[in-house]
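First up is the structure itself, then whatever we jot down about it.
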Amino acid sequence: MAGRINFTASINGQQVGPLDLPEDLMMVELLQEYLNLTGTRLSCGQGVCSACAIIVDDPEGGSRTVPACITGVAWLNGKTVRTIEGIAGRDEQGDPVPSPVQQAFLDHFSFQCSYCTPGFVNAATVLVERLERAPIPVEDVEDAILKALDPHICRCTGYVRYYQAVRDVILSTPGLTIGTVAAAERPA
Amino acid sequence: MIRLLRILGLLVLIAVVAVGVLFWIGRDRGATPAASVDLANLGPDQRQQMLERGRWVARAADCAACHTDPDGGSDLAGGLPMVTPMGSVYGTNITPSTEHGIGDYSADDLYRAVAQGVAPDGRNLYPAMPYPSYHRITRADSDALWLWLMQQRPVDKPNRPDDLMFPFNIRPAIAVWNALFRPEAEPFDPQGLENPQGEYLVDVLGHCGECHTPRNLAYALTDDHLAGEVIEGAYAPDLRPDALARRGWSGEDLVAFLHRGLSPQGVMTFRMFPVLSHSTSHLSEDDLSAIADYLADGTQLPGPQQRPPGGATAMDGHALYLGLCAGCHGDNGQGQPHSSVPLDTNTTAMYRDPLNLIRIIAEGIPERDLAQGERMQAMPAFGGMLSDQQMAELVNYLRERWGGRPGDVTTGAVTSVLERNESH
Ligand code: FES
Ligand code: FES
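Quick mapping for you: the protein sequence lines, in order, are chains A and B. So in the working numbering, spot 113 of the first sequence is number 113, and the numbers just go up one at a time. To convert, take the position in the second sequence, counting from 1, and add 188; that gives the working numbering.
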């Protein structure tokens with residue numbers, strides 16, 4: 001018989017809770033069933049595919065993605081979280097504007113069915129933000145992308161377009177890399 | 189003053205003589221039994237039988253565990269580092285390459301290397317080569333192994349020189365070590381033994397004690413046979429009957445563990461995983477049962493025990509468990525078949541030394557094809573998500589809830605384990 005916990009968190013900049021929740025609730029269920037944030041996808045449910053990746057912002061350790069299917073509210077209690085619903089910006093009218101990563105995925109036709117996309121967006125977003133704080137040499141970009149996207153499974157597109165989109169964002173955004181772009185321009 | 193010098197001189201002289209005598213004794217490799225058959229004149233059936241036996245010996249003795257090529261391509265071409273407190277030694281090329289391997293070894297040479305730790309040129313092998321265990325190999329098995337090894341594909345890969353620190357890099361000094369610690373080479377004699385097959389597999393070919401038996405300061409095996417030892421950064425657990433019973437093993441579970449790499453008590457990890465793929469998964473059920481019986485030594489092994497949680501578990505550890513572990517291992521540690529091991533019967537939290545538990549949580553385990561179709565998905569590394577204090581809380585929670593151990597692991601102990609193992 002699971003106990004209960006008193007849960008609060010910041011989710012996409014909004015204070016959530018206090019909520020009285022089963023202490024063994026997994027985050028994906030909180031998002032979908034309690035908060036109506038249905039953009040986070042549940043697929044394998046056992047931490048293998050990363051479709052459900054959400055972002056946890058830690059002011060000290062930086063941001064990271066965690067699989068919402070196997071990460072419990074017990075661990076996320078009190079933390080600052082972003083889900084796919086919190087990635088796009090807003091224009092003056094309050095309409096959503098895709099983030100650079102989201103726009104690049106659209107431009108590159110990176111996804112087909114899109115089931116995996118929220119996870120890819122979050123992983124790429126964390127990578128771009130990390131490079132904003134700590135730029136890396138241009139020649140290390142490909143490895144960094146591979147490492148960031150590697151845990152994510154996509155059954156439709158074969159990954160190349162996701163990969164190219166993220167590479168585009170990183171190389172065309174000033175301040176994310178050190179060195180010249182020319183070196184990295186050679187075909188992947 | 190002069191008197192003092194004289195005494196000192198005398199002591200030095202005695203020491204030099206003693207070392208000299210030990211060196212002399214250790215240089216003596218002992219008698220080499222005659223070949224079991226006339227290897228130059230084997231009939232086709234006999235040859236075939238010997239080759240099969242040789243392959244069995246190579247597997248049971250797990251030659252590949254150390255002699256495999258980490259770059260792939262050959263199980264025998266060498267290059268795998270073995271990290272010891274004295275530095276690293278590298279598995280050698282034991283393919284029949286004449287330039288880099290053992291292509292010009294005679295069957296006598298192989299016996300001397302395997303059972304006595306002496307190469308054909310008289311060079312002493314480091315006891316990383318487990319000749320203190322192999323010393324009882326039968327000459328017939330050594331000959332079958334020789335025949336089989338000479339049939340394998342030669343790989344012309346040079347051996348990597350060892351990086352041992354002074355004075356361990358002085359090879360002749362091993363002769364002194366041999367005089368003190370190398371058992372006499374006495375071929376295994378099944379006569380009068382209760383379970384000769386089990387004893388031969390565990391103590392001789394399987395050389396289980398090389399990891400599981402505590403070593404003394406001279407790095408020699410002590411008499412606490414199979415009592416558990418920390419080796420290469422992981423704890424190789426106590427395999428004595430009482431310890432196996434306490435940790436809830438049954439004979440059947442031991443067989444399953446060695447056969448498939450998985451049982452309710454856990455999954456093969458660290459240096460035991462390659463043992464599964466190179467060795468134990470290839471052994472017959474009879475062999476594995478003999479091993480299990482020999483380890484049990486007449487003690488009734490009860491199997492997994494339902495034990496009440498060891499006292500009130502700390503709330504912090506409980507929240508960490510539910511938040512990070514329960515998604516796969518279940519609220520009650522029940523696990524999920526083929527993806528995450530049960531924790532309620534797992535033995536890792538039952539060891540007094542929390543080393544393995546801390547390292548597994550911190551480093552995770554890669555996804556693995558075990559054996560006989562059994563597999564496990566990857567366990568993520570949580571090192572970056574937990575402070576050392578949280579790690580201690582989680583480890584203590586697991587120890588108390590399922591390990592039957594006190595929650596006495598301090599944050600400092602976690603820090604030192606993690607620092608020590610950064611390089612692994
Ligand atoms: S749904 Fe969470 S990792 Fe697959
Ligand atoms: S776009 Fe369909 S799974 Fe990735």
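We treat Cβ as the ideally placed atom computed from N, Cα and C, and that holds for glycine. Note that the structure is a prediction, hence the values are computed from the model and not measured.
message = DSSP has B:A361 in a bridge; who is on the other side?
response = Answer is none; B:A361 lacks a bridge partner.
ask   = Nearest-angstrom Cα distance between A:A188 and A:I87?
value = Low per-residue confidence applies at A:A188: pLDDT is 47, beneath 50, and the placement is therefore not dependable enough to give any value.
query = Near ligand 1, which residues have their beta-carbon closer than 6 Å to a heavy atom?
reply = A:L42, A:S43, A:C44, A:G45, A:G47, A:V48, A:C49, A:S50, A:A51, A:C52, A:P67 and A:C69
ask   = Counting only beta-carbon atoms, is A:A144 nearer than 8 Å to chain B?
value = no
Cβ-based neighbour list, B:R247, same chain, cut-off 8 Å, excluding 5 preceding and 5 following = H466, S467, H470 and L471
task = Answer yes or no: do B:T283 and B:P342 have a C-beta to C-beta separation smaller than 8 Å?
result = yes
query = Buried or exposed: which applies to A:C113, given that a residue is buried once 16 or more other Cβ atoms fall within 10 Å of its Cβ?
reply = exposed
Straight-line gap, B:M274 to A:A53 (C-alpha atoms, nearest Å) = 44 Å
key: Closest Cα partner of B:A601 within the set B:V583, B:G591, B:G592 and B:R593   = B:V583
request  = Measure the CB-CB distance between B:P492 and B:P462 and report whether it falls below 8 Å.
outcome  = no
query = On the premise that B:R448 lies in contact with B:E555, defined as a C-beta separation below 8 Å, what is that separation, rounded to the nearest angstrom?
reply = Actually they do not touch by this definition, with Cβ atoms about 16 Å apart.
ask   = So, are the CB atoms of B:H413 and B:P371 less than 8 Å apart?
value = no
A:G158 burial status per 10 Å Cβ neighbour count (16 or more: buried) = exposed
message = What does the Cβ neighbour count give for B:I381, buried or exposed, with the cut at 16 atoms within 10 Å?
response = Reading off the sequence, residue 381 of chain B comes out as Leu, not Ile. It counts as exposed.
task = List the residues of chain B that A:A228 touches, going by C-beta distances under 9 Å, in chain order.
result = The displayed coordinates of chain A run from 1 to 188. Any statement about residue 228 of chain A would go beyond what the structure contains.
ask   = Do B:D481 and B:G386 have their CB atoms nearer than 8 Å?
value = yes
key: Assigned secondary structure, A:F111 (DSSP; H/G/I helix, E/B strand, else coil)   = coil
ask   = Who's in the neighbourhood of ligand 2, going by beta-carbon under 7 Å from any heavy atom, listed in chain order?
value = A:F111, A:Q112, A:C113, A:S114, A:Y115, A:C116, A:T117, A:C154, A:R155, A:C156 and A:T157
Sub-8 Å separation of A:R64 and A:A51 beta-carbons = no
query = Using the rule of at least 16 other Cβ atoms within 10 Å of the residue's Cβ for burial, across every protein chain shown, is A:P18 buried or exposed?
reply = exposed
request  = For B:T326, collect the residues of the same chain with a Cβ closer than 8 Å to its Cβ; drop the 5 residues on either side in sequence, then sort them by chain order.
outcome  = S224, P375 and F376
inquiry  = So with CB distances below 7 Å, who are the chain A contacts of B:S527?
reply    = Q46
Check whether A:F105 and A:V121 have beta carbons under 8 Å apart = yes
Pair within 8 Å by beta-carbon distance, B:T286 and B:G266 = no
message = Just to confirm before moving on: does the CB-CB distance between B:L508 and B:E581 stay below 8 Å?
response = yes
Own chain residues within Cβ distance below 7 Å of B:V302, not counting five before or after = Y319, Y322, I325 and S330
request  = Look at A:I11 and A:L21 and say whether their C-beta atoms are less than 8 Å apart.
outcome  = no
Length-filtered (3 minimum) beta strand (DSSP E) runs lying within the segment 454-507 of chain B = none
ask   = What are the partner residues of B:L278, as DSSP defines its beta bridges?
value = Residue identity differs from the one stated: residue 278 of chain B is Tyr in this sequence, not Leu. B:Y278 is bridged to B:P269.
inquiry  = For the pair the segment 253-273 of chain B and the segment 338-354 of chain B, tell me if three or more CB-CB distances fall below 8 Å.
reply    = yes
query = Pick from B:D426, B:A408 and B:L389: whose alpha carbon is nearest that of B:H400?
reply = B:D426
inquiry  = Which residue wins for smallest C-alpha separation from B:D596, given the options B:R547, B:M538 and B:A566?
reply    = B:M538
key: Distance between beta carbons of B:G397 and B:L409, contact taken as under 8 Å   = 6 Å
inquiry  = Any contact between the segment 90-103 of chain A and the segment 527-545 of chain B? By contact I mean 3 or more CB pairs, one from each, below 8 Å.
reply    = no
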